[in-house]
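Protein chains: 2
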Amino acid sequence: MPTIRDVARRAGVAPITVSRVINNTGYISDETRQRVEVAIAELHYLPNTLSRSLRFKKTNMIALVVSDITNPFWTTLTRGVEDASSEEDFNVILCNTDEKPEKQHNYVKLLLQRQTDGILLVPADNTTELVEMIQNQNVPVVIVDRPLPNTQVDVVHSDSTGGAYRLTQHLIEQGHRQIALLAGRQEIATSQERAAGYRQALVENKIPVDESLIYFGSYNQPSGYAMAMTVFNHHHPRPTALFAGNNFIALGILQAIYECGLRVPEDISIVSFDDLPYSLPQPFLTVVAQSPYQLGLQAARLLLSRITGYYNGAPREVVLPVELIVRDSCRKIE
Amino acid sequence: MPTIRDVARRAGVAPITVSRVINNTGYISDETRQRVEVAIAELHYLPNTLSRSLRFKKTNMIALVVSDITNPFWTTLTRGVEDASSEEDFNVILCNTDEKPEKQHNYVKLLLQRQTDGILLVPADNTTELVEMIQNQNVPVVIVDRPLPNTQVDVVHSDSTGGAYRLTQHLIEQGHRQIALLAGRQEIATSQERAAGYRQALVENKIPVDESLIYFGSYNQPSGYAMAMTVFNHHHPRPTALFAGNNFIALGILQAIYECGLRVPEDISIVSFDDLPYSLPQPFLTVVAQSPYQLGLQAARLLLSRITGYYNGAPREVVLPVELIVRDSCRKIE
DNA sequence: CTGAAAGCGCTTACAG
DNA sequence: CTGAAAGCGCTTACAG
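These protein sequences, in sequence, are chains A and B. Following our numbering, the residues of the first sequence are numbered contiguously, the last one being 335. Following our numbering, the residues of the second sequence are numbered contiguously, the last one being 335.
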């Protein structure tokens, strides 16, 4: 691959002159500029960004570290991040952790070594070690979706507690008393908050909280399936309603329900935090929906404001509202 | 952020000695090594990969340029790429083009400038310009999913023609004669090949090809919806079966069918190239399924074999078989 | 076993 | 308007 030196030689000028043409800086005579441009075209020259970044100490890249690229929730969030970033001429690197703290750790280290200008992190666990590692390098970081306890850091997340409260309240208003919660991993803030909202609604309605009805698994379909099967095997009579901690858990629950020959909502009611992926032919699930695009957009804006130095004050917390969408997956109980 | 020089100063050695400790090369006395390691820990030093890559002319990154990160087909393929890459200690950059040739062009240019070691490309159109641009920089490239005409380049793809032939044949065996094909963008190889397989099956069965039943749109849900609506409005009597060019088109078709109050398969039959995303509660769609994970894995292996210099012969073409999965979305017609 | 010099490809600041 | 020198952070030869 040709370098700036090759172009310079061919055009009969110094490398710095080529640099000036490429970046449109300083004064250049039209004649020289033309000679250089011809040489660039003839050699198919592309400037090496690595060396430029090394000089500038700036890569114009930010990273988004998410848990599961397979879930449209995260890809939509990614879209928000990309849109905010392209406005400021930043590129986004997407890293997929599979909710594994160890994979996450490796990625963050790699990103720091590659001089990423900032990191958007969806924490795979509850520890603050990673955030400290990033901050030690003086790299801006914003936590997304899952607040970390006891950390001074920007964070953007949805109102999980409030959303879970409203879903549970909705079920209670329909007459449900035996509601099983099938949540994600217990170490994750959103799991805890959704459980908190669930408990709060029960308590306020003077319904005793049956801890055996609260399950922590993982935010994916197999886990939802497994938890639902456990519920069906261990609770007699069956709970009248299931609360899915996220959309993929809901998919797993629906699969279990189908295999057990049950019908929704005749035999069992179900609600979910987050809408099912894709507009299926017949959307029927009652859900609390977040706005993943907005989460991504806002998080990226917070991050970019730090990177550009536009803001350098105290950590900010942005909590986005959620929306209850009542459809046909809950039956009224007498 | 501290540099190798800061560590060296603190440990009372030369930078090159620190380099030796980091990379475990050359001879180092235990005592020196310890001093250096202490300094590294105290300063939270992380080596700068940018400068290292500049030196080595190697970044250990490959890029995957896909059309729609929202479709699980591509995220699953990505998984295959990641698994093959991590075996060889390469990292993967994921770029999303939205099927837009212009976005694709920008990404590829950026990747080349960032000295990416190799590129996996899912072409957004039928032109060879991008491949030439990559090859001009002597960067290995593998085309994925959609062969390009008249180009000397490695390619990995599924047997689209054969798959489409089998799906169409299946419909014909069920007695269907009026089959509408709702394909992706006409410039894309897979669209053309699926149309070719469709035509071939009709011709072999001596069924006249009605060109007005062949639609080219785009591989997404809104396009599938729009094409299905057009079919329903323009063809009386309605075709007895619809052939969806991919899974997202199938989703759009199902949406249109639902809105028109039709039932599958009683009122209309439907088959799809590629399975629907996610195991829905009741998988009912008859499909031809590819193996996106294998596509990604094999493509990455071809690319890596070029990067490492393990292979540098003539371009290779890998065609993966597809599988017909008959379920309940087709009705037998007398 | 350890280090001074040179260079990867670019650009800033200084000369002319 | 154009260029020679120096440096971004690292590592490959070459000395000692």
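Cβ coordinates follow ideal geometry from the N, Cα and C atoms, glycine included. Just so we're clear, the structure is a prediction, and the values are computed from it rather than from any experiment.
*Local Cβ density within 10 Å of residue 234 of chain B, reported as buried at 16 or more and exposed below that*: exposed
*Could you check which residue in A:252, A:292, A:248 has the C-alpha nearest to that of residue 274 of chain A?*
A:248
*Quick one: what's got a C-beta closer than 6 Å to residue 257 of chain A's C-beta in the same chain, skipping five residues either side?*
226, 229, 230
*Roughly how many angstroms separate the alpha carbons of residue 171 of chain B and residue 197 of chain B, rounded to a whole number?*
16 Å
*Return the first residue and the last residue of the beta strand (DSSP E) that residue 287 of chain B is part of.*
287-290
_Below 7 Å on C-beta distance, what does residue 106 of chain B contact in chain A?_
The contacting residues do not exist; residue 106 of chain B stays about 13 Å from chain A at best.
*Give the secondary structure of residue 326 of chain B by DSSP, where H, G and I count as helix, E and B as strand, and everything else as coil.*
strand
*Curious, which full-length beta strand (DSSP E) runs of at least 3 residues does the region 122-165 of chain B contain?*
142-145, 155-159
*asked:* Can you give me the C-alpha to C-alpha distance between residue 30 of chain B and residue 37 of chain B, rounded to a whole angstrom?
replied: Computed Cα separation, rounded: 11 Å.
_With a threshold of 8 Å between beta carbons, is residue 230 of chain B in contact with chain A?_
no
_Nonlocal neighbours in the same chain, by C-beta distance under 8 Å from residue 298 of chain A, ignoring five residues either side_ = For residue 298 of chain A, same chain residues with a beta-carbon under 8 Å away, outside a window of 5 residues either side, are 81, 82, 84, 85 in chain order.
*Cβ atoms of residue 149 of chain A and residue 66 of chain A: under 8 Å apart, would you say?*
No, these two residues do not count as a Cβ contact at 8 Å.
*Sub-8 Å separation of residue 333 of chain B and residue 176 of chain B beta-carbons*: yes
*Proximity test, residue 129 of chain A beta-carbon vs the ligand ADP heavy atom, cut-off 7 Å*: Here there are no bound small molecules, and the ligand ADP is not part of this structure.
*asked:* Just to confirm before moving on: does the CB-CB distance between residue 132 of chain A and residue 145 of chain A stay below 8 Å?
replied: no
*asked:* On the CB-based measure, 16 or more other CB atoms within 10 Å of its CB, does residue 287 of chain B come out buried or exposed?
replied: buried
*Does residue 70 of chain B get closer than 8 Å to chain A when you measure Cβ to Cβ?*
yes
_Does the CB of residue 115 of chain B have a neighbour CB from chain A at under 8 Å?_
yes
_Out of A:112, A:191, A:236, which one is the CA nearest neighbour of residue 213 of chain A?_
Checked all of A:112, A:191, A:236; the closest Cα to residue 213 of chain A is A:236.
*Which residues in chain A sit within 9 Å of residue 54 of chain B, going by Cβ to Cβ distance?*
Within chain A, the residues near residue 54 of chain B are 51, 115.
*asked:* Between the alpha carbons of residue 160 of chain B and residue 147 of chain B, how many angstroms are there, rounded?
replied: 10 Å
_Beta-bridge partners of residue 38 of chain A, as assigned by DSSP_ = Looking at the DSSP assignment, residue 38 of chain A forms no beta bridge with any residue, so it has no partner.
*Can you tell me whether residue 57 of chain A is buried or exposed, with buried defined as 16 or more other CB within 10 angstroms of its CB?*
exposed
*Would residue 143 of chain A be called buried (16 or more neighbouring beta carbons within 10 Å of its own) or exposed?*
buried
*Report the option in B:119, B:183, B:285 whose CA atom is closest to the CA atom of residue 218 of chain B.*
B:183
*asked:* Going by DSSP, what residue range makes up the alpha helix (DSSP H) through residue 57 of chain B?
replied: 50-57
*Taking only beta-carbon atoms, is residue 149 of chain B less than 8 Å away from chain A?*
no
*For a contact meaning CB atoms closer than 8 Å, what does residue 111 of chain A contact in chain B?*
Within chain B, the C-beta atoms nearer than 8 Å to that of residue 111 of chain A come from 50, 92, in chain order.
_Assumed close pair residue 330 of chain B, residue 265 of chain B - CB separation to whole angstroms, cut-off 8 Å_ = 5 Å
*Would residue 180 of chain A be called buried (16 or more neighbouring beta carbons within 10 Å of its own) or exposed?*
buried
*So the alpha helix (DSSP H) residue 103 of chain B belongs to, where does it begin and stop?*
For residue 103 of chain B, the uninterrupted alpha helix (DSSP H) run begins and ends at 102-114, by DSSP.
_Under 8 Å, Cβ to Cβ, is there at least one residue of chain A near residue 221 of chain B?_
no
*asked:* Give me the subset of the region 123-156 of chain B whose CB atoms are less than 7 Å from a CB atom of chain A, sorted by chain position.
replied: 137, 138, 139
*Between the region 7-26 of chain B and the region 44-60 of chain B, do three or more beta carbon pairs fall short of 8 Å?*
yes
*Counting only beta-carbon atoms, is residue 79 of chain B nearer than 8 Å to chain A?*
yes
*Classify residue 200 of chain A as buried or exposed, calling it buried when 16 or more other Cβ atoms lie within 10 Å of its own Cβ.*
buried
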